[in-house]
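Take a look at the structure below.
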Amino acid sequence: MSFNTFGQMFRFTTFGESHGPAIGCVVDGCPPRIPLTAADIQHHLDKRRPGQSRFTTQRQEPDAVKIMSGVFRDEATGQDVTTGTPILLLIENVDQRSKDYSDIKDKYRPGHAGYVYDAKYGVHDYRGGGRASARETASRVAAGAVARRIVPGLSVRAALVQMGPHKIDRSRFDWNEVDNNPFFCPDPVQAEFYATYLDSVRKEGSSVGAVIEVVAEGVPAGIGAPVYGKLDADLAAALMSINAVKAVEIGDGFATAAMRGEENADEMRIGNDNKPVFLSNHAGGILGGIATGQPVVARFAVKPTSSILTPRQTVDRYGRDTEILTKGRHDPCVGIRAVPVAEAMVACVIADHYLRHRGQVGEGRAWPFPMPGA
Ligand SMILES: Cc1cc2nc3c(=O)[nH]c(=O)nc-3n(C[C@H](O)[C@H](O)[C@H](O)COP(=O)(O)O)c2cc1C
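Encoded structure:
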């Protein structure tokens, strides 16, 4: 009854708290002989790392990952490869400042998880949110870096497409721009606006929400599962499990409610390589819980950071009304650092389904099928 484990065949368990000595995960079910080094994982952790711009928390964590098990040098190739045994990934916490939280030790931050953890467990790790802190998401990014290596040709990218009420201009969407600004924003013009906007929000001691879009390409048609194991259901659960996420949509999502059938259903033709081509992708690459081979597209909304400098009404652990003002170091828009976390969760879901599909169906049946009698 602990729920710290994600996935079925590709499975990881995370451990650790915001202000404990270390966090990390154990990845189990990774196939053997997959090249893997700490540098492969570090690359992704560096994207999520705090303190990289004035627009994220100033906590300075190097997030240096150590591979403690499950990897061995292959004599034949000289490469470090997975052995098929559990891979323990360890990240030390080095910049805890628990005293930032001593003033609010017995108070609940509205919008944070202090009260519900207390209602459930009766223990209150007030230091930076304890286990409910998004510090935990570094472990997911580490697991995701392993997952990315499992599915050949898989690419998973995410971008921030809305900050507060301000959406990007879709006509300027350029994946190459995502790493050129501190917001993972694909629209360079809107990224400049976000800098001014978020500065003003931060100076007011406030915070804002965001929308993130994730696109997975190279997802083989046929992976996924029907009924209770739907790929879209697992993606929604995986994204919803990220801290501060309040809504998830797949493909055209909520907009499909206002569409007509002719508009929404993605028409099909036979392409040059004898494979089906879809003329649009309103479905977001999934039908019946199974991948169509088109890009898998998901979008999710992240709420504004609950820890803000503006005084708020709350209660304490001893049943008294009080006020709270959260100092400490916080992300004014948690949607920014949620971008690499979202990529990781989507990579984990797809790797898990890929292995599950291979387990049940093996190579599968070549499509198109021969005409009966031909
Ligand atoms: C990358 C990331 C960073 C976050 N940083 C903060 C933060 O600095 N301060 C804060 O109050 N919440 C932060 N959060 C959100 C809280 O972890 C989250 O709101 C809290 O655990 C309650 O859970 P819930 O919002 O999912 O219900 C962050 C979330 C993410 C994804």
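Here the sequence shown stands for residues 51 to 424, where the numbers follow the numbering used here. Note that CB positions come from ideal geometry on N, CA and C, so glycine has one too. Just so you know, these numbers come straight off a predicted model, no measurement behind them.
Residue i beta carbon near ligand 1 (any heavy atom closer than 8 Å)
i, result
"Asp168", "no"
"Ala513", "The first residue shown for the chain is 51 and the last is 424, placing residue 513 beyond what the model contains."
"Arg98", "yes"
"Arg107", "Sequence check: residue 107 is Thr here, not Arg. True, at least one ligand heavy atom lies under 8 Å from that Cβ."
"Asn143", "no"
"Val384", "yes"
"Val295", "yes"
"Arg394", "Sequence inspection shows Ala at residue 394; the Arg mentioned does not correspond to that position. Outside the cutoff, so no."
"Ala197", "no"
"Lys353", "yes"
"Ser148", "no"
"Ala163", "yes"
"Ser356", "yes"
"Asp249", "no"
Distance between residue j and residue i (C-alpha atoms, nearest Å)
i, j, result
"Ala397", "Asp371", "44 Å"
"Leu503", "Glu373", "Any property of residue 503 remains undetermined from this structure, which presents the chain solely from 51 to 424."
"Ile400", "Ile320", "26 Å"
"Arg199", "Pro418", "29 Å"
"Arg159", "Gly57", "31 Å"
"Ala394", "Ala424", "46 Å"
"Arg147", "Val384", "19 Å"
"Tyr244", "Ala195", "28 Å"
"Asn230", "Ile386", "13 Å"
"Thr187", "Arg98", "9 Å"
"Gly89", "Ala341", "Here residue 89 turns out to be Ala, not Gly, going by the sequence shown. Near 31 Å, if we compare the C-alpha coordinates of Ala341 and Ala89."
"Ile141", "Asp168", "27 Å"
"Pro238", "Val131", "39 Å"
"Val264", "Tyr368", "43 Å"
CB contact check: residue i to chain C, cutoff 9 Å
i, result
"Asp168", "Absent from the structure is chain C; it holds one protein chain and no more."
DSSP three-state assignment for residue i, whether helix, strand or coil
i, result
"Cys398", "helix"
"Ile336", "strand"
"Asp156", "coil"
"Pro238", "helix"
"Gly268", "coil"
"Lys304", "Per the sequence shown, residue 304 should be read as Phe rather than Lys. Phe304 falls in the helix class under three-state DSSP."
"Lys253", "helix"
"Thr63", "strand"
"Ile137", "strand"
"Glu312", "helix"
"Gly221", "Going by the sequence as given, residue 221 is Ser instead of Gly. Helix."
Inter-residue CB distance, residue i and residue j (contact presumed, cutoff 8 Å)
i, j, result
"Glu267", "Pro345", "5 Å"
"Ser356", "Gly178", "Actually they do not touch by this definition, with Cβ atoms about 13 Å apart."
"Val347", "Ile262", "Between Ile262 and Val347 the Cβ distance is about 12 Å, and since that is not below 8 Å, they are no contact."
"Gly334", "Ile300", "4 Å"
Near ligand 3: residue i beta-carbon under 8 Å from a heavy atom
i, result
"Asp237", "In the structure on display, ligand 3 does not appear, and the ligands it does have are ligand 1."
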